[in-house]
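See structure below.
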Amino acid sequence: MVSRDKHVAVLMGGFSSERPVSLMSGNACADELERFGYRVTRIDVTHDIASQLAEVKPDVAFNALHGPYGEDGTIQGVLEFMQIPYTHSGVLATAVAMDKELSKRLAKTHGITVAESKVMNRFDITSAHPMQPPYVVKPVAEGSSFGVVIVKEGQSHPPQVITSADWKYGDRVMVERYIHGREFTCAVMGDVALGVTEIIPQGQEFYDFDAKYAAGGSNHECPAKISPFVYQKITNMALKAHKAFGCRGVTRSDFRYDDRFSEEGEVIWLEINTQPGMTATSLVPELAAYAGHSFGELLHWMVEDASCSR
Numbered sequence: 001m002v003s004r005d006k007h008v009a010v011l012m013g014g015f016s017s018e019r020p021v022s023l024m025s026g027n028a029c030a031d032e033l034e035r036f037g038y039r040v041t042r043i044d045v046t047h048d049i050a051s052q053l054a055e056v057k058p059d060v061a062f063n064a065l066h067g068p069y070g071e072d073g074t075i076q077g078v079l080e081f082m083q084i085p086y087t088h089s090g091v092l093a094t095a096v097a098m099d100k101e102l103s104k105r106l107a108k109t110h111g112i113t114v115a116e117s118k119v120m121n122r123f124d125i126t127s128a129h130p131m132q133p134p135y136v137v138k139p140v141a142e143g144s145s146f147g148v149v150i151v152k153e154g155q156s157h158p159p160q161v162i163t164s165a166d167w168k169y170g171d172r173v174m175v176e177r178y179i180h181g182r183e184f185t186c187a188v189m190g191d192v193a194l195g196v197t198e199i200i201p202q203g204q205e206f207y208d209f210d211a212k213y214a215a216g217g218s219n220h221e222c223p224a225k226i227s228p229f230v231y232q233k234i235t236n237m238a239l240k241a242h243k244a245f246g247c248r249g250v251t252r253s254d255f256r257y258d259d260r261f262s263e264e265g266e267v268i269w270l271e272i273n274t275q276p277g278m279t280a281t282s283l284v285p286e287l288a289a290y291a292g293h294s295f296g297e298l299l300h301w302m303v304e305d306a307s308c309s310r
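Here the sequence shown is numbered in full-length UniProt numbering, starting from 1 and rising by one per residue.
Below, the structure written as structure tokens:
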């Protein structure tokens, strides 16, 4: 039974590259929480968020922020300091998950299969390939595939965009072996894997920003049509990552599956998202619906699960 007196502040917007995505998630969640009976205040987060929260005095903060400041331990630390219960994972889990180098080290330590990679200064990638193509260059601490560059087999030189003046994603980048194959994702809610979805980009080379958020950018096949063995392998790794990182609430792990040479193939864990997109048609709500939870029920569970010391 929802307490209609419970006041939920939905934190959205902010000032990362993912502000537009956060506004979409935040407004979708706020609309549904209001329909579900909660009293909701929408907060477009500024650098004065502590004053904003002090003025609103919410019972719970629903964190719909994406990217730096929102899913790297920063806003979580503010909420811990102010003792406002909040959704999703806590300070340490989000900080480690947001750093691709640290997250891959932790995942590998816990027996989760990751691709070979190295972290470099972008200005060291100039005249010679840092590894044999094909490979991927990605910012160490960005989400939504911002700044991801694929270097194809046979390309004669490293990507010039990495060292250009237009690059705005920081100097530390990860160079990672490119994994051929299909894209999958698995959501975890509490300590339960909700299922596996195959993401099929439409017109894009991989699941980039447009594939994620543009109309018709990708098709989602839920549940994924793969062998039970591979399906179970993906859910097991997603659960293992959720627990290894010390995550709470809802997370989503992304995978590549190369089945060119055998059905068992190669399943590679890419990353864990501690603040996955949360519109009604986003991947996590789709997987929740497959597992029997409506969008409103999913958000209700997240609000009631909110706490400090996460």
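Ideal placement from N, C-alpha and C gives every residue a C-beta, glycine not left out.
Just so we're clear, the structure is a prediction, and the values are computed from it rather than from any experiment.
inquiry  = As a quick exercise: from 246, 154, 156 and 160, pick the residue whose alpha carbon is nearest that of residue 147.
reply    = Translated into positions along the sequence shown, residue 147 becomes position 147. It is 160 whose Cα lies nearest to the Cα of residue 147.
inquiry  = By the DSSP assignment, the beta strand (DSSP E) with residue 6 in it spans what residues?
reply    = The residue labelled residue 6 in the question sits at position 6 within the sequence shown. That residue, residue 6, is in no beta strand (DSSP E); it is neither H nor E in DSSP.
key: residue 41 - containing beta strand (DSSP E), residue span   = Stepping through the sequence shown from its first residue, residue 41 is reached at position 41. Element bounds for residue 41: 39-44.
task = Would you give the residue range spanned by the alpha helix (DSSP H) that residue 220 belongs to?
result = Reading the sequence shown from its first residue, position 220 is the one you call residue 220. Where residue 220 is concerned, there is no enclosing alpha helix (DSSP H), although the beta strand (DSSP E) it sits in stretches over 218-221.
query = Under a three-way DSSP split, which group does residue 184 fall into?
reply = Counting from 1 along the sequence shown, the entry for residue 184 is found at position 184. Reduced to three states, the DSSP call for residue 184 is strand.
key: residue 35 - containing alpha helix (DSSP H), residue span   = One-based indexing of the sequence shown puts residue 35 at position 35. Where residue 35 is concerned, the enclosing alpha helix (DSSP H) stretches over 19-35.
Sub-8 Å separation of residue 96 and residue 245 beta-carbons = In the sequence shown, counting from the first residue as 1, residue 96 sits at position 96. In the sequence shown, counting from the first residue as 1, residue 245 sits at position 245. Cβ distance < 8 Å, so residue 96 and residue 245 count as in contact.
ask   = Apart from the five residues on each side of it in sequence, which residues of its chain come closer than 6 Å, Cβ to Cβ, to residue 248?
value = Counting from one through the sequence shown, the residue named residue 248 turns up at place 248. Cβ neighbours of residue 248 beyond the five flanking positions: 89 and 310.
key: Distance between residue 65 and residue 290 (C-alpha atoms, nearest Å)   = The residue labelled residue 290 in the question sits at position 290 within the sequence shown. The residue labelled residue 65 in the question sits at position 65 within the sequence shown. When rounded, the distance between both Cα atoms is 25 Å.
query = Nearest-angstrom Cα distance between residue 34 and residue 294?
reply = The residue you call residue 34 lines up with position 34 of the sequence shown. The residue you call residue 294 lines up with position 294 of the sequence shown. Looking at the two C-alpha atoms, the distance is approximately 15 Å.
inquiry  = Measuring only the C-alpha atoms, how far is residue 100 from residue 38?
reply    = As a first step, residue 100 is located in the sequence shown; it is residue number 100 there, counting from the start. As a first step, residue 38 is located in the sequence shown; it is residue number 38 there, counting from the start. Straight-line Cα distance between these residues: approximately 36 Å.
request  = Within the same chain, show all residues whose beta-carbon is closer than 8 Å to that of residue 304, passing over the 5 residues directly before and after it, in chain order.
outcome  = Translated into the one-based positions of the sequence shown, residue 304 becomes position 304. The answer is none, since no qualifying residue turns up.
key: Assigned secondary structure, residue 231 (DSSP; H/G/I helix, E/B strand, else coil)   = Within the sequence shown, residue 231 is the residue found at index 231, counting from 1. Residue 231: helix per DSSP, three-state reduction.
key: Beta-carbon separation (whole angstroms), residue 250 vs residue 188, contact threshold 8 Å   = What you label residue 250 is simply residue 250 of the sequence shown in a count that begins at 1. What you label residue 188 is simply residue 188 of the sequence shown in a count that begins at 1. That pair is a contact at about 7 Å.
inquiry  = Extract the residue ranges of the alpha helix (DSSP H) inside the stretch 63-148, only unbroken runs of 4 or more that lie entirely within it.
reply    = 74-82, 91-98 and 100-109
First and last residue of the uninterrupted beta strand (DSSP E) at residue 246 = Numbered from 1 along the sequence shown, position 246 holds the residue referred to as residue 246. Neither: residue 246 is in no beta strand (DSSP E) and is coded neither H nor E.
Continuous beta strand (DSSP E) stretch holding residue 195: start and end = On the sequence shown, residue 195 is found 195 positions in, with the first residue counted as 1. Run containing residue 195: 192-201, per the beta strand (DSSP E) assignment.
Identity of the residue in 68, 238, 267 and 36 nearest residue 141 by Cα = Position 141 of the sequence shown, counted from the start, is the residue given in the question as residue 141. For residue 141, the closest C-alpha among the options 68, 238, 267 and 36 is that of 68.
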